[in-house]
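Here's what the structure looks like:
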């Protein structure tokens, strides 16, 4: 009985470790090109360094970094909305950052966040 419990526990720990490794780098397998990037949310930096950048024709884009990713969707009037995964183990950009983003150079700036992407 104890052997089975420990074997089962070992399997759970191994699977958890695999999932944690998979959640650590969202750039792996992401479409797009490598860029320098930055994501700040409420003054804290979550992305800084190399990200995968994938843009749409309308200017909307996705940035995938080591543990976080962010989606920015343009509205066609010079503003945009953005959402991100908020925790490294989240696989969806379910956390809204706002719909008040305006472009400032290589960055999009809103009340809660600043999303930047520059050519390497």
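In mature numbering (1 follows the signal peptide of the UniProt record, and there is no 0), the protein residues as written are -23 to -1, 1 to 97. For glycine and all other residues, C-beta sits at the position ideal for the given N, C-alpha and C.
When rounded, the separation of the alpha-carbon atoms in residue 81 and residue 56 is 11 Å.
In this structure, DSSP gives residue 8 a state outside helix and strand, which the three-state scheme calls coil. Close CB contacts of residue 41 within its chain, under the 7 Å cut and outside five residues either way in sequence, are with 3, 4, 7, 28, 29 (chain order). The criterion of a C-beta distance shorter than 8 Å is satisfied by residue 77 and residue 88. The residue from 10, 51, 15 with its alpha-carbon nearest to that of residue 31 is 10.
Counting only runs of at least 4 residues, the segment 41 to 81 fully encloses no alpha helix (DSSP H) element at all. Counting of Cβ neighbours within 10 angstroms places residue 60 among the buried residues, the total reaching 16 or more. Residue state for residue 3 is assigned as coil, using DSSP reduced to three classes.
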